[in-house]
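Step one of this worksheet: look at the structure below.
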Ligand SMILES: Cc1cc2nc3c(=O)[nH]c(=O)nc-3n(C[C@H](O)[C@H](O)[C@H](O)COP(=O)(O)OP(=O)(O)OC[C@H]3O[C@@H](n4cnc5c(N)ncnc54)[C@H](O)[C@@H]3O)c2cc1C
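Residue numbers (our numbering): 2 to 425.
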């Protein structure tokens, strides 16, 4: 006889949502968490502000996850961003989208989200046990039977793996779930750290440290990968680059790094201006300010330390008027300003990765229910699966939506009814 109807391993966004949904359906739920408290990563999201979802329609949302994105169709149909914000409203958290796109709790405090989820778990009588690291999944090759931790064995006919990925391991997710999934017969794809700062070969970046350059475009300068590009703000660091544009781009760069050793990039930091635009801009400024030096011209577009570095790269004397630069320096400076070369040589790995690229193969999971095709009674939700989205609330929305579906334990026909029940 089973002590619980469902055991959930991992109390992140996905696991907590799955537990709440299952408990609302009167299931007896055990939520096992290896850390001292639930939701450590959730609390750190959005720089502590928690960008929990965004306002995109499901089609656009899924497209941002790449080829695998369509797997999310049933989950998002069951639980989209409107359903998520309604869910939080019902448990006392108002949300808003100050820029019309990214959704945050009104308090701009991730703690608000976490404590509302914890209160709801308590209200529903979910048995939450911390300091319980799931170490084994017991099955007979067909059905799940129990879950082992270092100290105990817990029995249930349903187990949901919500152990997350491998990024920021100090926040709990260290990849345990992949081994558990493999032991259950699942395939885990190659795993890469994603959404993290990148190191560059160019050491001049250290002189521009902490400069934020708005609205840059980054592209990969490799013949076969010219289409890979990202837009957004870029920040220089002591050893390379970070910032929203880089975070999104990192997921594309890591597999290339492994393949090519280093990845050449081109970065436009001059609001999309090409060489002709730049030359015209310089002429206009020079007409107004006859005594302007080359650096004065560049400073109309970029911060001075960066301008100085780019002049040096192009062998242009920053103190000379642009018209008096040698021809080669002129053309090199325009080229450098239009597409500054940078070379990615590495990163800090999973330690600084907000997301894991790769995970349990989607081919082996039913998208309508999140149930394993390999083992009856086994479910997955959240980052453990082979899906990763960019910055902007994508990954939490996916974690909550897949948690919502997994919490139904295969009874997909009841989504609508249960959603109303959630709201009552
Ligand atoms: C710093 C940071 C900021 C982020 N900001 C945002 C943001 O603003 N918006 C957004 O959409 N996404 C953001 N993300 C990504 C997002 O947080 C994750 O994709 C999401 O939290 C994944 O949820 P999850 O429940 O699948 O996994 P996790 O939140 O990682 O939860 C997994 C849980 O399982 C536990 N666990 C692991 N192994 C075991 C085991 N063997 N036994 C028991 N428990 C176990 C872990 O301790 C953890 O509590 C951010 C990520 C980071 C690191």
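We put the beta carbon where it would ideally sit given N, CA and C, even for glycine.
By the Cβ neighbour-count rule, residue 183 is exposed, with fewer than 16 other Cβ atoms within 10 Å of its own. By the criterion of a C-beta distance shorter than 7 angstroms, residue 273 is surrounded in its chain by 218, once the five residues flanking it on both sides are discounted. DSSP, reduced to helix, strand and coil, places residue 78 within a helical segment of the structure shown.
Under the 8 angstroms Cβ criterion, the segment 92-101 does not count as touching the segment 68-78, having fewer than three qualifying pairs. Secondary structure remark: continuous beta strand (DSSP E) runs of at least 3 residues inside the segment 370-415, in chain order: 379-381. Residue nearest to residue 359 within the set 140, 324 and 190 is 190 (criterion: CA-CA distance). Of the candidates 385, 361, 172 and 378, 378 places its Cα closest to the Cα of residue 145. The segment 40-49 makes no contact with the segment 144-159; the number of CB pairs closer than 8 angstroms stays below 3.
For residue 159, the enclosing beta strand (DSSP E) stretches over residues 159-162. The segment 300-318 and the segment 376-395 do not touch, with fewer than three beta-carbon pairs separated by less than 8 angstroms. DSSP, reduced to helix, strand and coil, places residue 218 within a strand of the structure shown. Straight-line spacing of the CA atoms in residue 333 and residue 312 works out to 9 angstroms. With fewer than 16 neighbouring CB atoms inside 10 Å of its own CB, residue 132 falls in the exposed class. DSSP places residue 254 in no beta strand (DSSP E) but in the uninterrupted alpha helix (DSSP H) bounded by 245-261. In this structure, DSSP gives residue 306 a helical state, which the three-state scheme calls helix. Not a single heavy atom of ligand 1 lies less than 7 angstroms from the C-beta of residue 171. Short of 7 angstroms from the beta carbon of residue 65, and not among the five residues preceding or following it, lie these beta carbons of its own chain, in chain order: 390, 391 and 395. Within its own chain, the residues whose Cβ lies closer than 8 angstroms to the Cβ of residue 320, once the five positions on either side in sequence are excluded, are 294, 295 and 296, listed in chain order.
In this structure, residue 174 and residue 166 form a Cβ contact; the two beta carbons are roughly 5 angstroms apart against a cut-off of 8 angstroms.
Listed in chain order, the beta strand (DSSP E) elements of length 3 or more contained wholly in the segment 125-211 are 128-130, 135-140, 145-150, 154-156, 159-162, 193-195 and 199-201.
Pairing residue 118 with residue 398 gives a Cβ-Cβ distance that is not under 8 angstroms. Ranked by Cα distance from residue 202, the first of 108, 240, 267 and 163 is 240. Distances from the CB of residue 359 to the heavy atoms of ligand 1 are all 7 angstroms or more.
If the five residues before and after residue 212 are omitted, its C-beta is found closer than 8 angstroms to the C-beta atoms of 236, 237, 304, 306 and 307, all from its own chain and listed in chain order. For residue 248, the CB contacts under 6 angstroms within the same chain, skipping 5 residues up- and downstream, are 196 and 392 in chain order.
In terms of Cα proximity to residue 33, the closest of 260, 210 and 17 is 17. DSSP places residue 236 in no alpha helix (DSSP H) but in the uninterrupted beta strand (DSSP E) bounded by 230-237.
If you ignore the 5 residues before and after residue 344, its C-beta comes within less than 8 angstroms of the C-beta of 201, 202, 203, 263, 264, 265 and 266, all in its own chain and listed in chain order. Annotation for residue 52 indicates a beta carbon within 7 angstroms of some heavy atom of ligand 1.
Checking the DSSP bridge columns, you'll see residue 356 partnered with 195.
Residue 241 sits in a strand when the DSSP states are folded into three classes. In the three-state scheme derived from DSSP, where H, G and I count as helix and E and B as strand, residue 114 is classed as helix.
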